[in-house]
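Step one of this worksheet: look at the structure below.
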């Protein structure tokens, strides 16, 4: 029987060792996809809210926590404006949206 040797941080995110640091796996996945380090304050959102699903298709890059909260509301059915919103995920894993009139 194989034991699960995965490591998790205090918030429940899977972490992996990069050099001498332990970093949340979803941040490493996004950095590899973008080909750059994440900027300070950038947050990664899990579309399906499963923090163990770190496939790039499940991740969206948010510029800060405020955008993260807004994006989460849009993906949950737009509980902010109560107007229809059309959105798509861009190649650089950002959410592009507009209110449908």
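In my numbering, the protein residues as written are 55 to 155.
We put the beta carbon where it would ideally sit given N, CA and C, even for glycine.
Between residue 83 and residue 115 the beta-carbon gap is near 11 Å, outside 8 Å, which marks them as no contact. Counting other Cβ atoms within 10 Å of its Cβ, residue 103 stays below 16 and is therefore classed as exposed.
One alpha carbon belongs to residue 150, the other to residue 140, and they sit about 8 Å apart.
The continuous alpha helix (DSSP H) containing residue 128 extends over residues 119 to 129.
With a 10 Å radius around the Cβ and a threshold of 16 neighbouring Cβ atoms, residue 90 comes out exposed.
Relative to residue 88, the option among 153, 152, 154 and 148 whose CA is nearest is 148.
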